[in-house]
Every structure is written in structure tokens, then in C-alpha cells.
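Residue numbers (the numbering used here): 30 to 825.
Glycine included, each C-beta is placed from N, C-alpha and C at the ideal position.
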Amino acid sequence: MSAGARRTLIILALSLVGVAALLTAAGTFLLRGSLPRLNGSTQISGLEEPVLIERDNLGVPTIHAANRVDAARALGFLHGQDRFFQMDLLRRSAAGELAALFGPAALDADRDTRRHRFRHRAAKVIAAASPFERALITAYTAGVNDGLADLRVRPFEYLLLRQAPQPWFPDDTVLVVCAMFLDLSLFAAHAEGAEATVRDTLPPALASLLLPESNRWEAPLQDGGAEFPHMPTDLDLHSGPGSTGPDTGRYIDSLETEPTTRDAAGSNNWAVAGRLSGHGGALLANDMHLGLSLPNTWYRVRTIWRDQGRSHETIGVTLPGVPALVTGSNGQVAWGFTNSYGDWSDLVILETDSLGRYRTPDGWQELARIEEQIDVAGAESETLIIEESRWGPVWSTDLRGRPLVLRWTAHDTEALNLSWFGLESVSSVDEAVLLAATVGMPPQNMVCADSTGSIAWTIAGRIPRRVGWDGRLPVSWADGSHAWRGYLDAQEQPRILDPDEGRLWTANNRVTAGNDLARIGQGGYALGARARQIRDGLRAMDRPLEADMLALQLDDRALFLEEWRQIAHRALAGNESSSADRSEFQRLTTDGWDGRASTTSVAYRLVRAFRIELVSAIYDHLTADCSAADPQFNSRWLLYTAAVAFELVDQRPANLLPPGQENWDSVILAAIDRAMETATAEGRPAAEFTWGERNTTRIAHPFTLFTPQLARWLAAPQRAMPGGSFMPRVQHPSSGASERMVVSPGREAEGIFHMPGGQSGHPLSDYFLGGHKDWEQGRPTSLLPGETMHSLKLVP
């Protein structure tokens, strides 16, 4: 679910009447009626053979089925019982149908999302599915509805909302995938708009500086790439009019709230070839980072079935609403994902005439005007008019007032296909990377390992074949010289098989160079600092095992921030007439610096605050004309902002100094002063400004934030957590590792797994927070389910 949809849901919770009362003792009996069935047997239609579902002490199910279709039906039953409201939100957030559940307050979110017409596109995907894919989706859908119907009382959220849950449909599974596209692959469209504003507003040399294609921390898998641009010498920004002062809000909402998308990026995956590991098997590690709430994004499951006389077994996580393993192992191949941040969308400039038509290679055409009805709970429905071109819906306008259309892989049936099921049965990394090129999903970095010790990387998901330009800026497609010509074939998809080094790693960073980079594009890569720390950590290991992989996932060393600490200390050393606050900053970040994002560290939090203030001040200065020209401009959409700021304070070009500043030391010292102002707000000593005070978890059901009395039932206990940004253990109050997995294919019994929250979305379930403490504390726990505690038989 997107952040906007989640905020809408939270606001709507304010209107709930008698919410807390339902969760007191008076309502407990009613609420228990929506707990899932754990034992005994129940009849569901459509099964070919009985299915056995065993659960361990954390509620993790093992499905024993006679065939894959029955297994899909059983998984649907489990999702429908444990996670239906979560699934409902996902499909509604993608379809633009939240107002039908929550009323007028959700209309803005629905209007924004409905223009993608994902429900219309989902129906086309189902119609194009293969018979096998359709059989799995149909069985899963029936299982979801059977699981929902088997509850004695509807899920508690619907009691609070005074609504009835609506049945699940095959199209809804595709909508859940579309919801992930919205969360994971629309960044490039925003970045493209911001880059266009920079190019259209600023002198070319300054624009080039602000839009670098590389940074000093990069650690790609393929060598090569552009050099960092030279500092422009023919510009004089220092002599211009003075600025009104830094507006930190344009870079980051607040030092004390969640980080920007750029700082929060944190997914990691890597693999070590069998020839380097301690037991001879290839190792795969994966921790996908997302926003954290209850229930968690993922649902753990082990599935065992037979197909043509052969036994199959998978273990890993599923996404409620989708009957496929997202990441995990099938015993022969294990795979994991990080968001690739490639360029999977383009903004197309429409050339229009006085009649409102737009020019195409086939002549002038009129925009289609499509009426969409938005149903609104408790109010009249609304009709929304969507304007759509042959390339996609009208998205926005540029600085010249020209319409911009969004061309996005998520709008294509070909890129939304249902071929994910194939990963369950691949037997080698060679098969996995070929299949990954065809899968309908938000394009991800897939790292995989197999039972022979081989490892591989590729992009999982369809890559558009872009012709005529590099895709970084909006262009007109009117004459046909710029276009997408379908999608890359599997053999063209960038991939790396069994590298000589025997190691692979990705961390939302640039992975490739040359032709492969040109195919993937640049859609918002993270700095390479985290990837470099992972790479160096892997290279330092001798014959690693699963525990070593987990230790690297939990690495909270602040190597990136150490470089910024040195920048601050050099400025302080060159200015002996420092204030008391500056002296205190130096003392605290010297004596108290342990080089980690530890909960008790004042030094880490101070240096982090300094870095954010410094980058904010520099970008407020350099992009002031962009903000004046485009009120929607936000520098957080630009690539490598921290890298540009670091190069400026490292190289210190006098001509690029902010007006009124004597030298770059004065800019740095001002950022230190502002960090200390934050640390000593309301008169408290800076020595109490610990990282743990800020980095305390807020992991809860969305209803809780604006109905705080519900936190007693619907939130995990708050805990100060180590970890931060730009390190393997990326951790913030409401974002972090949505799972941690380490596995060697064929050695799943030695695998490790963590996730925040538990299996159940029900606050009265024993499994609402099962395993959560292990995730918090980083304790190694088994990937495979434990001893059977409950047994349920589904019978035809």
C-alpha cells in the first residue's frame, strides 16, 4: 500500500465510533469469532484431494497437497483467514476504490490512482493468462473466499468500519501486484520531472553538476561508468543575492520524523558461490526493506505438493493476495530481491493543436476521455474523467504548460503477466535468470543461488526496449524517433552468471555499466555506500556460513557517516574561536564516537543531523531557482544529492559558495550550529540526544496512529533500535527490514529467517507478534517451520 493510501486510512480511523470499546472485554467474545481455524477439518469445494495444513509455534503453516492447484486453493484459504483486510487494502489502493470502504476522505487518493485504470488492465491480464495460470488463480480465489466465509465473524476491521468484506476476484490478484508497482517503480517518473526542471531552469554546467551519473562510493558488479562532473568554473553563485536561509523541509520533512525515500532505501541481497563458503554450498542472503506496519507485508509458508510423480517443496514468503512464492527456496534454487531503481517509465511531451488534439507518427489524434465511477461510502458516487493518449494517461504539465503523458511498464499486459509461478520449479540459476526476464512484476535485482554452488544476478521483470534517447528527460514521441519498441528478449536481459570473484551484491545501487546500464536506465539509484560496505564485508570473510551472512545483515557500522564527521571536524579545527555549542559538538562526536548507529550513541545522531542540515543548505542554495519556477519541485527526487554536497565541501569551489558565506568552513559550521539547536531544543543537554530516542519503532496497524487508544491492542511494543541509513542494517521507526533470510539451496534446515510482526493480522491471535522479538534482537531463528502445534485438514 502506498504511503498516501496508508495516511488516508489512518485519517479515516478517526471517524470510527466505539472503536476502543470493541477491543475491550465487552467486545472480546465477538472479536474472537474472526480468529482463524487452526485444528480439525473443514470442507471446501473444488479440491481434488484432501489438503493437510500444519502450523508451528509461530503459526507458520506447512501445506501438504496432492497437486499445485490444490496447494493454491489452500494458500488462498490461509490468506483469507489470516490477512483478508490487508489484501483488501492492497487491491483497493491500486484500483482507486478506497472511498467505497472509507467514504469521502479517501476521494483524493482514489482520484490520483484511478487514472492508471488498473482494474481495467487487470482484467486483460487474467484474460491473457495461460490455462495453468488461470487454474491457479481461480483455485486461489475460491480458497480466499472459502477462508473468509469459514470465519464465524467477519474480520475485526469491518466491524469497526461497519462494512461487510467484499468477495475476492481473480482480477484482484493482479491489482495486488499493481499496488507493488505503485510502491516500487514509480520513483523514476518523479525523478524525471525534477531533472527536467533542473535542466530547464539552471545553467547547463550547474545542471550537470546537480545531475551526476556516478558517485565516489559506488560498488557496482560491472566496472565502468561516468566520471563525476567537473566543478563549473564559469559560474558565480557567490555574488548573487542572499538567500532567506535554509529550508530543511524541502530536503527532509523533519530531522525527527521518517527519512526521505532516498535515505530510507535499504533492501540488500547478496550471494556467495559454493567454492567460497564454509560448507561448499552457495549462500544467499536477502533483506527487503519496506514500510513497517501490522500485519507485516509478507506471509511465511512452506508448501509441499506432487506434480507428475515428482515431489516439490518451497519455503519462503508470499504476498497476501498472490498465490506465488515471492522470495525463498525450492530446494534447488533460492532467490531474493532488491528494488532495482531502473528507469521503467517515461514522461512523453504531447504536441497539441488548437483543437486539443495531439500529434502522433500516424497523424493527429484526440485524447480519449474515459469516465470512471468512484463509489463513496455514505455519499453519492463521483464520475472522474480520465484523459488518455495512445502512450498512457495524462500525468502532469511541464514548465511550458505542455501536457505530459506517463508511459509505464505497469500499464502493459505484457509487463503484468502471471509467469511468477515458474520460479517454483527452476532447477538452476541459468533457468532462473531466463525465466526472470519474462516475469510480470516491478523490475527488481534478483540474486539467486543453486544447489550446485552457482550464483547469478539479473533484473527480474520486463525491460522496455527504448529507442532514440536515454529516457532521463521528457521528450516528444510525435515523429516516431523516440519510442518503446516492445520489451527485451530473455537473452538480451542484463545478467551475470558465476562471476570470477564468486560474490554478488546489490543494495538499490547502480549494478551495471555500459550497454547493460543503458538498457536499465537510471531511475533513482541509492548511493553506493551501503553496497560498498556489503562488498567489503563479503570480501573480508573466510569460508562464511549462514551466521556470517546474518551478521552482515545486522552490520550497523556508520562508515559513510564517518566521512561527514571528518568534514565537520576539519572545519572546527580551522576555526579556533568556536562557540560553546561547537566545542560540545566536537567533544561529543569525538569522545562518544564508536562508529556505529547504536541506540545509546549521541555522536551518531549529531553527525547525522549535521549531514542532513548541510546537504539541505547546499541544495536550498543551488536549486532556489528550481523551487521558484516549479512549486512542486523537491530536490529529494534528484539522484545522488549527498554525493554532490560532499564533493562541494571537499573541493570547496569559491564561486559556488552561498551568498553571504565567507568560505565553505562557514557553511559547515552553520550546519553544525543548526544540528546543535535541534539537539538542545527546549533546554535539554545535547548529551541526551541519543539515537535510540529517535530510532524507536512505531510498528502498528494503520488504525492506531490517529486512534492512539488502539495501540494497546494493535501495535508492537516500542523499542529503541540500532541501525540507520547508508549501512546494511537500515532501520527507522516505521521502515526497515521486512524480512531477513539466509539460505543455501538444499540446506534449508540450516537457513535463517526473521520478520517483524507475526503471521496473523488479528490482535487476539497468539501469532499476531510471533517472532517479532527475534527480528528486533537479530536472533538467528530457523527458516523452516518448527514442530507441529496445530493440524487442519481441508477436505473436498
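What's the C-alpha gap between E186 and L567?
-> If you take the alpha carbons of E186 and L567, they lie about 45 Å apart.
In chain order, what residues of the same chain have a beta carbon less than 7 Å from the beta carbon of V673, not counting five sequence neighbours either side?
-> L238, L239 and P241
Identify, in the order they occur along the chain, each residue of the same chain with its Cβ nearer than 6 Å to the Cβ of V351, setting aside the five sequence neighbours on each side.
-> T202 and V205
Three or more C-beta pairs closer than 8 Å, one from the region 715 to 728 and one from the region 631 to 647: is that the case here?
-> yes
Between the beta-carbon of V504 and the beta-carbon of V423, is there less than 9 Å?
-> no
Which first and last residues belong to the alpha helix (DSSP H) in which E706 is found?
-> Run containing E706: W693 to A708, per the alpha helix (DSSP H) assignment.
Inspect the beta-carbon positions of D200 and A151 and report whether they are closer than 9 Å.
-> yes
Got a sec? Which residues, its chain only, sit under 8 Å from E77 by beta carbon, not counting five neighbours each side?
-> A95, N96, V98, D99 and P825
Assign A55 to one of three DSSP states: helix, strand, or coil.
-> Annotation note: pLDDT 49 at A55 (below 50); position unreliable, coordinate value reported separately. Three-state DSSP puts A55 in a helix.
Contact check, V476 vs W622, beta carbons under 9 Å = no
Measuring CA to CA, which of R335, H318 and A363 is closest to A302?
-> A363
So, P196 versus S63, is the Cβ gap smaller than 9 Å?
-> no
When DSSP builds the beta bridges, which residues end up paired with L749?
-> First, the residue type needs correcting, since residue 749 is Ala and not Leu in the sequence shown. DSSP output for A749 lists T725 as bridge partner(s).
Can you tell me whether DSSP reads M470 as helix, strand or coil?
-> coil
In its own chain, which residues sit with a C-beta less than 7 Å from the C-beta of S682, not counting the 5 before and 5 after it?
-> Strictly speaking, residue 682 in this sequence is Pro, with Ser absent from that position. Closer than 7 Å at the Cβ level, and outside the excluded window around P682, lie M260.
Exposure label - T619; buried when at least 16 CB within 10 Å = Classified as exposed, T619 has fewer than 16 neighbouring CB atoms from the shown chains inside 10 Å of its CB.
Would you report the Cα separation of W593 and A255, rounded to the nearest angstrom?
-> 24 Å
Helix, strand or coil at R808 [DSSP, three-state] | It is coil, neither helix nor strand.
Assign S322 to one of three DSSP states: helix, strand, or coil.
-> Coil, per DSSP.
Residue environment, R697, which counts as buried when at least 16 other CB atoms sit within 10 Å = Checking the sequence, you will find Ile at residue 697 rather than Arg. It is buried - the Cβ of I697 has at least 16 other Cβ atoms within 10 Å.
Measuring CA to CA, which of R339, D336, G88 and R331 is closest to V355?
-> In terms of CA proximity to V355, R331 leads the group R339, D336, G88 and R331.
Within 10 angstroms of its Cβ, does N724 collect 16 or more other Cβ (buried), or is it exposed?
-> buried
How many angstroms separate the CA atom of A461 from the CA atom of L452?
-> For the pair A461 and L452, the Cα-to-Cα distance works out to about 7 Å.
Mind checking which residues open and close the alpha helix (DSSP H) that includes T619?
-> A609 to D620
Give the DSSP bridge partners of P493, in chain order.
-> Beta-bridge pairing links P493 to Y516.
Could you tell me the boundaries of the alpha helix (DSSP H) in which H219 lies?
-> F216 to T230
Proximity to L88 [Cα-Cα], best of M818, S425 and V678 | According to the sequence as given, residue 88 is Gly; it is not Leu. Nearest option by C-alpha distance: M818.
Continuous alpha helix (DSSP H) assignments of at least 4 residues falling wholly in the region 176 to 208 | The qualifying runs are 185 to 190.
Secondary structure of F161, DSSP reduced to three states | helix
Alpha-carbon spacing of D654 relative to I647, whole angstroms = 13 Å
Bridge-paired residues (DSSP) for M475 | F366 and T487
C-alpha gap between E470 and I492, whole angstroms | Rather than Glu, the amino acid found at residue 470 in this sequence is Met. Near 11 Å, if we compare the C-alpha coordinates of I492 and M470.
What is the rounded straight-line gap between the Cα of A861 and the Cα of M317?
-> As displayed, the chain neither begins before 30 nor continues past 825, which places residue 861 out of reach and without an answer.
Compare the beta carbon distance of S448 and E221 with 9 Å and say whether it is the shorter of the two.
-> no
Could you give the C-beta distance for I484 and V458, rounded to a whole number, given that I count them as a contact under 8 Å?
-> 6 Å
Does DSSP classify H819 as helix, strand or coil?
-> Here H819 sits in strand by DSSP.
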